[in-house]
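Heads up: the sequence lines are chains A and B, in that order.
If you use my numbering, the first sequence corresponds to residues 1 to 469, in order.
If you use my numbering, the second sequence corresponds to residues 1001 to 1469, in order.
No residue lacks a Cβ here, since even glycine has one placed at the ideal position from N, Cα and C.
Just so we're clear, the structure is a prediction, and the values are computed from it rather than from any experiment.
Below is one structure, written out as C-alpha cells, with a few remarks after it.
Protein chains: 2
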Amino acid sequence: MADEQGCASGLELFHGITAQAERVRALKAGQASKDDVDSAVRLLLSLKMAYRAATGEDYKVDSPPGDRAPAGDSATEAEEDFVDPWTVQTSSAKGVDYDKLIVRFGSSKIDRELVNRIERATGQKPHRFLRRGIFFSHRDMNQVLDAYENKKPFYLYTGRGPSSEAMHLGHLIPFIFTKWLQDVFNVPLVIQMTDDEKYLWKDLTLDQSHGYAVENAKDIIACGFDINKTLIFSDLDYMGSTPAFYKNVVKIQKHVTFNQVKGIFGFTDSDSIGKISFPAIQAAPSFSNSFPHIFGAKSDVQCLIPCAIDQDPYFRMTRDVAPRIGYPKPALLHSTFFPALQGAQTKMSASDANSSIFLTDSARQIKDKVNKHAFSGGRDTIEEHRQLGGNCDVDVSYMYLTFFLEDDDKLEQIRKDYSSGAMLTGELKKELIEVLQPLIAEHQARRKEVTDEIVREFMTPRKLFYDFQ
Amino acid sequence: MADEQGCASGLELFHGITAQAERVRALKAGQASKDDVDSAVRLLLSLKMAYRAATGEDYKVDSPPGDRAPAGDSATEAEEDFVDPWTVQTSSAKGVDYDKLIVRFGSSKIDRELVNRIERATGQKPHRFLRRGIFFSHRDMNQVLDAYENKKPFYLYTGRGPSSEAMHLGHLIPFIFTKWLQDVFNVPLVIQMTDDEKYLWKDLTLDQSHGYAVENAKDIIACGFDINKTLIFSDLDYMGSTPAFYKNVVKIQKHVTFNQVKGIFGFTDSDSIGKISFPAIQAAPSFSNSFPHIFGAKSDVQCLIPCAIDQDPYFRMTRDVAPRIGYPKPALLHSTFFPALQGAQTKMSASDANSSIFLTDSARQIKDKVNKHAFSGGRDTIEEHRQLGGNCDVDVSYMYLTFFLEDDDKLEQIRKDYSSGAMLTGELKKELIEVLQPLIAEHQARRKEVTDEIVREFMTPRKLFYDFQ
C-alpha cells in the first residue's frame, strides 16, 4: 500500500506503538519542547500507518493483532483530530475530518451557494481553492458580501510566522488565495509577519527572526501582490513605529484573561508571559484603526481573514473581544491543511527537507522528492493496481494536483484513471512533477525580481491606493 | 489620642473588625476590583486604629477586649506588613517596619557609611532624604559608585503611573530625590509614564490615561529637571515610536513565566493578559538600549532606579532576568512611603481628597487639611500633653516635616519640644503649614511656566546632553 512499507510484524508494531504513545504522553507532561513532541507524534503516526498497512486494521489500545473482535462501526471511526496553531494531529491518512472541525469550531461550511454568490459578486470564476473545497469553512462571509454589494469597504488581513528562511509549497496556499481575493475584490491587504511570535516560541534571536521575516516577505511578494494595495509588516518593526497598533494591542490585552487564553490555546503556568499575551498581537490587525496610514482613525472597516483553519483560535478570541471594545468582528475564510509528502496526517515541517517541496527546490529535487517521498494510494504490484485501482483519498500526489492543477476536466480525468487503475502511480507522479516544476521555476524567477528596494517599499507603513469598488 | 477618636466601645469595634476582616477576605477571594479591596482594607485599618485608641491595645483575632491575657512580647509585635505595587498594609501607626522589609526583600540598608560615600563621590551634602533614612534601602549602590569613581557612566530611571490628573505631595518624593541625583551626578534621566498600566488596571479609556500622563508630566517637569538631560515618555507613545523598546519588552517577556509573575505580583488566572505581561514594560527601561536616541545601541550602561519600596517587585524580576538576556542588573534606591494625613498605616489615595495635600491645593486648603486631618501624636488635653509630651513616631505633621523641612537643627528642636510637651499639636501643625504653603505655591508657580511646547520637548525621544563626569 505505502511506498515505503515497513516489514515489521503486526505484533512488533503494536508494541512499538504502545511504547511510543507512552513516550509522547511523557514528553507532553514534561518540559519537552514543541519540536520534540511534534517529532515524537510524527513517529507515532507513522507507526500507526505502518500498523494499518501490515494488519489491514487500525491500531487499538490494549488490543493486539489477532486478539481482536470483528471490527464494528465504532472501531473504524477515526479518533478525534487535534488542531491548534501549533499542533495538527490526525490518525487518518485522508487527513483531518473537516466537517467535524466545522462543527467543533462553530464555523460555517463554504457551500455551493456561497461560492456562487462570490462568483456573482465579483463577476469572476471562483478560484480553484473555492471550487474544490480547499477553502472550506468561513465566518460571516455573507456579511462581507452584503457590505461589498452595498459598496461598503472591507480589507484583507493574512500573515505568516517566519520560523525559517525556507518556505514550502504549503505556505503559499493562503497567499495564492489572498492575491486572488485582492484582485477580484480590489481591496487593500495587510500581511503580518509575526517575527515576535517566532522569537517567543523558537530558539531564535530577535535578529534571526526579523531576518526571516524579510526573507519570507520576498517569497510573499513573489506571489504577485499589488504594491499599491499591500502592506507587509514585521511586528518587531511595526509595533515600534505605530502607536495606534500598540493601543489596539493593549485594548485587547485588557479584555482577555489568562483563563481565556488557557482555554483557547492550552497555555500553562510555565509558559512565558510573552506567549500568554501574544494572541492580542495577532488579533490587533483585525481592526482597521491599527493601520492609520491606510484607514486613518476609522475603526469600522470590515476585515476579512483568509487563513489555514489552525489559526482560527486566534480569531475566535478576536471575535469574542471585538464587540466589547467597540469594533466589528473580522470575517474569516478557512483553508484545509496542505499535506506533507509523507501523508495527510500532519502539517509539513519546515525543518524536515523531505516533508515538502521547498520554494528553493530545483526541478531535479522536485522530481526526486515526488517520486521518492510522495505517499501513494497505489497498490503493491502493477497487476493489483490495474485490477483494483488506486486510492485518491490518501494519495499525496493527487492531493497536490487538487491544489495546483488549474484544469478541472483534466483533474477529474486523472482521478478517474487513477481510481480505475488505468493510470499508474508513476504516471500520476509525472503529472504532478510537470505541474510543480514550472510553478516553482516561475516563482523563483519572480522572487529574483524582488529587490531590497521593493521589499522596503512593501514593508513601509504608507498610504495605499485602492477604491472600494 | 487620635484627632477624631471614635466613641464606639471596644467590644463593638472588636466585632466590627472581625466582620470587616471577613469582608476583605471575601473581596480578595472573589472578583472584587482592586479599588473595592483597597477601600475595604482602609476601613479595616481605621477600625483597628479606633480599637487601639479605645482599648489601648492592639486588636487580636479571637481575643475580645477584657478577655485577654497580659500582653507578652509576642503580643506587642506588629503583624506582618504587606507591601506590593498595589497594596501597602500595616497595622502600626508608626508605619511599615522597614528593617523587616529589607530582610524580607533581600535588599541592603542605606547606612551611614554609604551616605558618607555618596557625599565623598559627589562632593555634595547628602540630600535630607538620605540624611534622614527616607531613602533607606538599596541594591548595588556601591557598584554604581565604584563605576562612577572610575568615570564609568550610569543613568537614572524612575516613573509614575498616571492614574489621575491630581498629584499629591507623596508623588513628589521620588522626583525631588531624582532631581537631586541628576544634579549631583550630572547624568541622563528617563522617566516612564505607565499610561498603559493605568489603562489596564483602572476604569479609564486610553485617551484619559494618556491625558493624565501629559498632565502629570507638567508636575514632574516643575520639579526642576534639566531639559537637556531628561526624557519623559508615555508608554502608549513610546512603544509605538521606538522598535528598540518593544524588542527589549519581548526579550523580557520571553524569559519570564506566568508562574514567576504569579509568585512576585500575586496575579491569578482571572487577571487580564495585559496585566500579566505588563511587568516586562516596567522592566525594559532598566536597559540602556531601550533608548537608542540617548545611548545608541549600547546595552551596558548601568541603570540606577530611585523609587518607593513598593515598586521593588518589578525590579527584583528585572534583576533576575537581566543576566539571562545579557544585560547588567539595574541598581536601586528605595524610599519609605509618604504617610496619608490620617496616619502611616496606608499609602495615600489620589481618589480621597482629604488623604493628602494635593499639588493644586490653595494655602487655605493646606492649612485646613493639616489642622483637621493630620493624625496627631499629641495627648487628649493640654495638661496631659504638657505633662507626658507628644509622640513623634505616630504624628503625621512631624513625619511630613522630616520630608520637607530642610533645616536639621530646627527639625531636631521640634522633635525635642514636641516630645517633651513644650510644643503643642497646634504649634507643630503651624510649623508644617508654614513649610508646605510656600513649597506648594512655588511648585504651582513653576508648573505655570511649563508650556505645552516644553512638555512636548521633554516627551520627544531625542539626543540628551550630559557628560559622564
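Beta-carbon separation of F1338 (chain B) and V1096 (chain B) under 8 Å? no
Cβ neighbours of V83 (chain A) in the same chain (closer than 7 Å, five flanking residues each side left out): V96, L101, I309, D310
Any C-beta of chain A sitting closer than 8 Å to the C-beta of I1276 (chain B)? yes
Short CB-CB distance (under 8 Å) between D1467 (chain B) and chain A: no
Tell me the start and end of each unbroken alpha helix (DSSP H) in the segment 163-195 of chain A that is at least 4 residues and wholly inside, in chain order. 169-185
Please report whether the beta-carbon of I1273 (chain B) lies at a distance below 8 Å from any beta-carbon of chain A. yes
Using only the alpha-carbon positions, how far apart do Q1444 (chain B) and A1222 (chain B) sit? 8 Å
Who are the neighbours of A441 (chain A) on chain B, taking C-beta pairs under 8 Å? Simply none; closest approach about 37 Å.
F105 (chain A) and F135 (chain A) closer than 8 Å at C-beta: no
Which same chain residues, not among the five before or five after R1456 (chain B), have their C-beta less than 8 Å away from its C-beta? none
Quick one: grab the DSSP three-state call for T381 (chain A). coil
Looking at the strands, I want to know which residues DSSP matches up with T1230 (chain B). B:L1189
For Q342 (chain A), count neighbouring Cβ atoms within 10 angstroms of its own Cβ and tell me buried if that reaches 16, exposed if not. buried
Does the Cβ-Cβ distance between I1252 (chain B) and I1325 (chain B) come in under 8 Å? yes
So the alpha helix (DSSP H) F129 (chain A) belongs to, where does it begin and stop? 128-131
Counted within 10 angstroms of its Cβ, other Cβ atoms place T1381 (chain B) as buried (16 or more) or exposed: exposed
Does DSSP classify R1120 (chain B) as helix, strand or coil? helix
Any idea which residues DSSP pairs V83 (chain A) with across the strands? A:V88
Taking the CB atoms as reference points, tell me whether Q89 (chain A) and D99 (chain A) lie closer together than 8 Å. no
Going by DSSP, what residues sit across from L156 (chain A) in a beta bridge? A:L189, A:L304
In the DSSP assignment, the beta strand (DSSP E) including H1334 (chain B) goes from what residue to what residue? 1331-1335
Strictly under 8 Å for the Cβ-Cβ distance: is K1028 (chain B) near chain A by that measure? no
Just the chain A side, please: which residues come within less than 9 Å of D1269 (chain B) by C-beta, in chain order? T257, F258, N259, K262, D269
Can you give the Cα-Cα distance for A1297 (chain B) and I414 (chain A), rounded to whole angstroms? 60 Å
Relative to the alpha-carbon of D409 (chain A), which residue among A:K275, A:L27, A:R128 has its alpha-carbon at the smallest distance? A:R128
Expressed to the nearest angstrom, what Euclidean distance is found between the alpha-carbon atoms of T402 (chain A) and H293 (chain A)? 39 Å
Can you confirm whether the segment 1198-1207 of chain B touches the segment 1153-1170 of chain B when touching is taken to mean that 3 or more C-beta pairs between the two stretches lie within less than 8 Å? yes
Give a yes or no on whether the C-beta atoms belonging to V249 (chain A) and A284 (chain A) are separated by under 8 Å. yes
Just grab the DSSP bridge partners of A340 (chain A) for me. A:G343
For the segment 1238-1257 of chain B, which residues have a beta carbon sitting closer than 9 Å to at least one beta carbon of chain A? Y1238, M1239, G1240, S1241, T1242, P1243, A1244, F1245, Y1246, K1247, V1249, V1250, K1251, I1252, Q1253, K1254, H1255, V1256, T1257
Kindly indicate if chain B contains any beta-carbon less than 8 Å away from that of A280 (chain A). yes
With a cut-off of 8 Å on the beta carbons, I'd call P1323 (chain B) and I1264 (chain B) a contact; round off their distance for me. Not a contact, Cβ separation roughly 17 Å.
For a contact defined as C-beta to C-beta under 7 Å, what are the partners of L304 (chain A) on chain B? Correct list: empty, because the minimum Cβ distance to chain B is about 26 Å.
Might you give, ordered along the chain, the residues of its own chain that have their beta carbon closer than 8 Å to the beta carbon of I1220 (chain B), omitting 5 neighbours on each side? R1160, F1175, I1191, I1232
Chain B within 8 Å of D310 (chain A), Cβ atoms only: no
List the residues of chain B that Y199 (chain A) touches, going by C-beta distances under 7 Å, in chain order. V1250, K1254
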